[in-house]
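First the structure, in the form of structure tokens, and then the observations on it.
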Amino acid sequence: MRTAYESTYAETISSFPAVLGREQPSPIIRDGKTISPMDYSRYVRRFSSSLECGNPYCKDLNYREHFHCLDCNSRVFVKKEEMIRHFKWHKKRDESLQHGFMRYSPSDDCSDRYPNCGHNRKQTHYHCIQGTCDKVYISTSDVQMHANYHRKDSAIIQEGFQRLRATEECRTPYCAFYGQRTTHFHCRRDQCQYTFKNKADMEKHKTYHIKDEQLARDGFKKFLKPDPCGFANCRFSLVCNHIHCVRDGCSYVLHSSGQLLSHKRKHERKDSEIAYRKFKLAQQAVVNIGNNPDQQSHPDLSAAGTSMLLPTSSLVALNALSENLHGSSAPLPGSDRSSPKSASTQSRLPFMTGK
Ligand SMILES: [Zn+2]
Ligand SMILES: [Zn+2]
Ligand SMILES: [Zn+2]
Ligand SMILES: [Zn+2]
Ligand SMILES: [Zn+2]
Ligand SMILES: [Zn+2]
Ligand SMILES: [Zn+2]
Ligand SMILES: [Zn+2]
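Residues 1 to 355 in the UniProt record's numbering are what the sequence shown lists, from first letter to last.
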């Protein structure tokens, strides 16, 4: 299958030899615009005299027309050919960087970073700078092939996976292919330990995560038969595929996605009903305060004052109301009241626990 990524890559690769190879024919076409080959301003600035640049070094030497490199702090060129050579050196280095390589010409020293490099100061060569990769090439076609290798890997990473080649150690004890020295894939999403051998499974697994995220947004979590759901006393864990409602205080279990919408709606109705009743009670409390002139003139209407005013019966009524809303619903199937969340829920939302 030809992915969108691969077609993009085909376009990139076709322009690559021109970029890394011989001199480009002029004029240069960039972004559809024709740029004069004499435009060196990207890396070099021209000064007509040492007065114009103001640099003491240039003044001492009484330079007329000369050039400063904008990238290399102290590089000054008087001869235009030298400036052009230096400009091209920057340009080629930048272009190789865009493909993930650091270019070293015979005049560059790579020994700082690559102490054992056999190409140093002998020929133009390219060091791969991706991660811990230590590949070095002298042929631009090898560079292209290797850039392709990394580009495919990063496309896979963007999809949320990692490819491990037979030559790489997977260092992941839970992986089914651990120590087998075979090409395989890992899902990189948090808490997902899915590993697979067949690249075609990537799309399927991606779809699984998309659905999972959709379910999570709606307050559900689906568990497949082979995976323990982790809910205490759930009699469906490791027995069959099932879906838990993960809203605070609810332990509803669904067995088909057809029930999702109606259960979600049930919560939405309850939530808006509770919110409305709370609003009405709060409104009532404000009216009560307004009707009490003594309290109105009180300088510090503390929380204690408020609860004296707002009859405890109102709070009791609110709690009773909430319990009522829960109690009025039909008994929930698979209703183990001890989901992992409910302990903390009970202390926070007493009225949500139900009876
Ligand atoms: Zn100068
Ligand atoms: Zn420079
Ligand atoms: Zn080197
Ligand atoms: Zn590499
Ligand atoms: Zn693995
Ligand atoms: Zn996954
Ligand atoms: Zn379960
Ligand atoms: Zn629920």
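Positions of the beta carbon are idealized from the N, C-alpha and C atoms, including for glycine. Predicted, not measured: the structure shown is a model, and the values here were computed from it.
Nearest by alpha-carbon distance to residue i: which of the options is it?
i: methionine 102; options: Thr124, Glu82 and Gly118; result: Thr124
i: lysine 222; options: Met202, Lys59, Met83 and Cys240; result: Cys240
i: isoleucine 210; options: Ser111, Leu164, Gly100 and Gly160; result: Gly160
i: serine 237; options: Cys245, Pro226, Val246 and Leu254; result: Pro226
i: leucine 70; options: Leu260, Arg46 and Tyr57; result: Arg46
i: histidine 255; options: Leu224, Pro228 and Arg165; result: Leu224
i: tryptophan 89; options: Asn120, Phe177, Val44 and Tyr57; result: Val44
i: glycine 219; options: Cys53, Arg113, Arg247 and Glu168; result: Arg247
i: glutamine 193; options: Ala200, Ala176, Gln180 and Glu203; result: Ala176
i: serine 48; options: Thr182, Tyr63 and Asn116; result: Tyr63
i: arginine 113; options: Lys122, His99 and Cys128; result: Cys128
i: histidine 99; options: Asn116, Cys58, Lys152 and Asn73; result: Lys152
i: lysine 199; options: Gln214, Gly179, Tyr208 and Gln162; result: Gln162
i: threonine 167; options: Thr182, Pro173 and Tyr174; result: Thr182
For ligand 1, is there a heavy atom less than 7 Å away from the beta-carbon of residue i?
i: serine 139; result: no
i: residue 378; result: This structure leaves residue 378 out entirely; the chain is present only between 1 and 355.
i: phenylalanine 161; result: no
Do you know how far the Cα of residue j is from the Cα of residue i?
i: aspartate 134; j: serine 96; result: 16 Å
i: aspartate 186; j: cysteine 234; result: Reading the sequence as shown, one finds histidine at residue 186 and not aspartate. Near 29 Å, if we compare the C-alpha coordinates of cysteine 234 and histidine 186.
i: glycine 305; j: alanine 285; result: Residue confidence for glycine 305 is low, a pLDDT of 44 falling below 50, so the modelled location carries little weight and cannot support an answer.
i: lysine 92; j: glycine 258; result: 59 Å
i: serine 107; j: histidine 68; result: 19 Å
i: valine 143; j: glycine 131; result: 16 Å
i: isoleucine 138; j: tyrosine 126; result: 6 Å
i: tyrosine 147; j: aspartate 94; result: The residue you asked about is not tyrosine; residue 147 is alanine in the sequence shown. Between alanine 147 and aspartate 94, the C-alpha separation is close to 15 Å.
i: histidine 205; j: alanine 216; result: 16 Å
i: histidine 119; j: tyrosine 104; result: 9 Å
i: valine 253; j: isoleucine 243; result: 6 Å
i: leucine 261; j: histidine 267; result: 10 Å
i: aspartate 109; j: lysine 80; result: 24 Å
i: residue 361; j: cysteine 250; result: Since the displayed the chain opens at 1 and closes at 355, residue 361 lies outside it and no answer follows.
i: alanine 155; j: serine 111; result: 32 Å
i: glutamate 213; j: glutamine 191; result: 13 Å
i: serine 141; j: lysine 59; result: 46 Å
i: tyrosine 136; j: lysine 122; result: Tyrosine is not the amino acid found at residue 136; the sequence shown has valine there. Going by the C-alpha atoms only, they are around 14 Å apart.
i: glycine 179; j: aspartate 201; result: 21 Å
i: tyrosine 174; j: arginine 269; result: 43 Å
i: residue 363; j: threonine 207; result: Since the first residue of the chain shown is 1 and the last is 355, residue 363 is not available in this structure.
i: alanine 282; j: arginine 265; result: 26 Å
i: glycine 290; j: lysine 280; result: 15 Å
For residue i, does the three-state DSSP call read helix, strand or coil?
i: leucine 254; result: strand
i: leucine 70; result: coil
i: leucine 281; result: helix
i: cysteine 53; result: helix
i: histidine 242; result: strand
i: cysteine 187; result: strand
i: phenylalanine 220; result: strand
i: cysteine 58; result: helix
i: leucine 309; result: Any reading at leucine 309 must be qualified, since the residue scores a pLDDT of 47, below 50, and its modelled position is unreliable; no value is offered.
i: glutamine 214; result: helix
i: glutamine 130; result: coil
i: arginine 113; result: coil
i: phenylalanine 87; result: helix
i: tyrosine 178; result: coil
i: arginine 269; result: helix
i: valine 78; result: coil
i: tyrosine 104; result: strand
For ligand 3, is there a heavy atom less than 7 Å away from the beta-carbon of residue i?
i: histidine 125; result: yes
i: histidine 68; result: no
i: cysteine 128; result: no
i: histidine 86; result: no
With hydrogens ignored, establish whether the beta-carbon of residue i is closer than 7 Å to any heavy atom of ligand 7.
i: histidine 209; result: no
i: serine 154; result: no
Under 7 Å: does the beta carbon of residue i sit that close to some heavy atom of ligand 4?
i: histidine 150; result: yes
i: cysteine 133; result: yes
Between which residues of its own chain and residue i is the CB-CB distance below 6 Å, once the five residues before and five after are set aside?
i: leucine 164; result: Cys170 and His184
i: cysteine 53; result: Phe47
i: cysteine 117; result: Cys110
i: lysine 197; result: His184
Residues in the same chain with beta-carbon distance under 8 Å from residue i, minus the five sequence neighbours each way, listed in chain order, please.
i: tyrosine 40; result: Arg46, Phe67, Met83, Ile84 and Phe87
i: proline 228; result: Ser237 and Leu238
i: leucine 61; result: Ser50
i: isoleucine 157; result: Arg188
i: valine 76; result: Asn55, Tyr57, Cys58, Tyr63, His66, Phe67, His68 and Cys69
Considering only heavy atoms of ligand 8, does any lie closer than 7 Å to the CB of residue i?
i: histidine 146; result: no
i: histidine 99; result: no
Hey, would you say the C-beta of residue i is under 7 Å away from at least one heavy atom of ligand 5?
i: threonine 172; result: yes
i: histidine 186; result: yes
i: threonine 167; result: no
Heavy atom of ligand 2 less than 7 Å from the Cβ of residue i, yes or no?
i: cysteine 175; result: no
i: cysteine 53; result: no
Only counting the same chain, and skipping five residues up and downstream in sequence, which positions put a Cβ closer than 7 Å to that of residue i?
i: histidine 263; result: Cys245, Tyr252 and Leu254
i: valine 78; result: Tyr63 and His66
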